[in-house]
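J.: My structure is below; once you've seen it, I'll send some questions.
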Amino acid sequence: IAAAVSEQIFPLDMAPNSADDQYIGCKGKMAHLVKTKYLEKEMKNSAKFKHYWQNSEKFVKFPKDHLTRNHLVALHVYTGKYIYRQFNDDTRYGRKQYKHKTFSWYSLHFLLTEAIQILKKTQNKCYLTYRGTTANFDKYVLNKEIRFGSFTSSSLNLKVTQGFGTKSCFEIITCESAELTKYSQYPYIKEVLIPPYEKFRVTAVRTKQYYKDLWCDTVFTLKSSGRTSYMNCALFKKH
83 IAAAVSEQIF PLDMAPNSAD DQYIGCKGKM AHLVKTKYLE KEMKNSAKFK
133 HYWQNSEKFV KFPKDHLTRN HLVALHVYTG KYIYRQFNDD TRYGRKQYKH
183 KTFSWYSLHF LLTEAIQILK KTQNKCYLTY RGTTANFDKY VLNKEIRFGS
233 FTSSSLNLKV TQGFGTKSCF EIITCESAEL TKYSQYPYIK EVLIPPYEKF
283 RVTAVRTKQY YKDLWCDTVF TLKSSGRTSY MNCALFKKH
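Our numbering puts the last residue of the sequence shown at 321; the count rises by one with no breaks.
Pasting the structure below:
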């Protein structure tokens with residue numbers, strides 16, 4: 083079974099099932115919903131989320147850098163080890179649930195999105211980042227437009243990146259993301275967090291077969307090509 087799993091090839095595409103809301107035009111309404119309804123409800127529904135949220139609250143005392151305390155708590159929770167994996171999977175495939183108001187993570191999704199957008203105002207630049215994985219991705223994607231479709235961690239530090247996997251890796255020019263070093267549980271990672279709605283053009287695909295000194299078995303080079311948000315303000319649209 084393990085061998086079969088390791089051979090699975092994941093697509094690189096526009097992640098059409100992503101819960102990719104960027105909240106352009108409804109931030110105030112969403113902030114109100116998170117404050118009055120979703121955060122409390124989601125902690126009630128998940129003992130695990132509640133535990134890690136309350137734990138992160140101990141580390142975040144005050145708002146700073148134009149971020150509220152809840153933004154900072156959300157960043158602290160996300161950069162820990164215990165929540166991001168399930169949250170990312172649910173975001174990557176959660177379009178239907180998001181739309182039908184059965185998504186489990188409205189509060190974390192909104193607070194991370196808004197935090198990235200606030201930080202972006204002062205970090206007004208693109209970053210060259212790296213991402214290492216242990217997965218196999220479809221290699222026939224040159225010149226395609228793709229999205230990760232979830233919040234995606236990358237690093238300014240190539241060495242750190244290799245510790246996360248050297249099977250399929252990414253060199254990314256990202257322009258919609260934010261550096262989280264000051265807000266992360268693991269500052270040494272030099273994390274730059276890419277939102278689900280950022281899209282990229284695949285400008286190169288290199289493999290060790292042809293490039294002997296490559297830092298990874300396969301390296302995809304991605305260049306930011308804007309935003310796509312199918313679910314923008316979906317909670318406030320009449321279906």
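All C-beta atoms in this analysis are idealised placements derived from N, C-alpha and C, irrespective of residue type, glycine included.
1. Taking the alpha carbon of Tyr164 as the reference point, which residue from Asn137, Gln205, Gln199 and Tyr209 has its own alpha carbon closest?
2. Runs of 4 residues minimum, wholly inside the region 136 to 162: which ones carry the alpha helix (DSSP H) assignment?
3. Please state the DSSP three-state secondary structure of Lys130.
4. Take Lys283 and list the residues in its own chain whose beta-carbon comes closer than 6 Å to its own, dropping the five residues that flank it on each side.
5. If we call anything under 8 Å between Cβ atoms a contact, is Lys281 one with Thr310?
6. Can you give me the start and stop residues for the alpha helix (DSSP H) that Ala197 sits inside?
7. Ends of the beta strand (DSSP E) at Tyr279?
8. Beta carbon of Glu128, beta carbon of Ser186: below 8 Å?
9. In angstroms, rounded to a whole number, what distance separates the CA positions of Phe192 and Val159?
10. Would you say Thr300 and Cys251 are within 8 Å of each other, going by their C-beta atoms?
11. What does a CB cutoff of less than 8 Å around Glu124 pick up in its chain, not counting 5 residues either side in sequence?
12. My guess is that Leu238 and Tyr209 are in contact by the Cβ rule of under 8 Å, so how many angstroms apart are they, rounded?
13. Which whole-angstrom value is the C-beta distance of Ser259 and Pro277, which I expect to be below 8 Å?
14. Within 10 Å of its beta-carbon, does Tyr270 have 16 or more other beta-carbons around it, so buried, or fewer, so exposed?
15. Can the beta-carbon of Glu89 be found closer than 8 Å to that of Asn218?
T.: From the atom records:
1. Residue numbering aside, residue 164 sits at position 82 when the sequence shown is read from its first letter. Of the listed residues, the one whose Cα sits closest to Tyr164 is Asn137.
2. 151 to 160, all fully within the region 136 to 162.
3. Here the question's residue 130 lines up with position 48 in the sequence shown. It is helical.
4. Residue 283 sits at position 201 when you count from the first residue of the sequence shown. Per the sequence shown, the amino acid found at residue 283 is Arg instead of Lys. Cβ-Cβ distances below 6 Å link Arg283 to Glu227, Lys305 and Ser307 in the same chain, with the five nearest sequence neighbours on each side left out; the list follows chain order.
5. Within the sequence shown, the letter at position 199 stands for residue 281. Within the sequence shown, the letter at position 228 stands for residue 310. Closer than 8 Å, so yes.
6. Taking the first residue of the sequence shown as position 1, residue 197 is located at position 115. Here the alpha helix (DSSP H) through Ala197 covers Tyr188 to Thr204.
7. The residue given as residue 279 occupies position 197 in the sequence shown. No beta strand (DSSP E) contains Tyr279, which DSSP labels as neither H nor E.
8. Start at 1 with the first residue of the sequence shown, and residue 128 comes out as number 46. Start at 1 with the first residue of the sequence shown, and residue 186 comes out as number 104. The amino acid occupying residue 128 in the given sequence is Ser; Glu does not appear at that position. It is a contact, given that the beta carbons lie within the stated cut-off.
9. In the sequence shown, residue 192 corresponds to position 110, counting from 1. In the sequence shown, residue 159 corresponds to position 77, counting from 1. Looking at the two C-alpha atoms, the distance is approximately 14 Å.
10. Along the sequence shown, one-based indexing puts residue 300 at 218. Along the sequence shown, one-based indexing puts residue 251 at 169. In this structure, Cys251 lies closer than 8 Å to Thr300 by Cβ.
11. Within the sequence shown, the letter at position 42 stands for residue 124. So the qualifying residues of the chain are Phe131, Ser186, Trp187, Tyr188, Ser189 and Leu190.
12. Taking the first residue of the sequence shown as 1, we reach residue 238 at position 156. Taking the first residue of the sequence shown as 1, we reach residue 209 at position 127. The Cβ separation is near 7 Å, so the contact holds.
13. To locate residue 259, count along the sequence shown from 1; it is residue 177. To locate residue 277, count along the sequence shown from 1; it is residue 195. Between Pro277 and Ser259 the Cβ distance is about 7 Å, and since that is below 8 Å, they are a contact.
14. For the purposes of this step, residue 270 is taken as residue 188 along the sequence shown, with counting starting at 1. Looking at its Cβ environment, which holds fewer than 16 other Cβ atoms inside 10 Å, Tyr270 is exposed.
15. In the sequence shown, the residue the question calls residue 89 occupies position 7. In the sequence shown, the residue the question calls residue 218 occupies position 136. Glu89 places its beta carbon less than 8 Å from that of Asn218.
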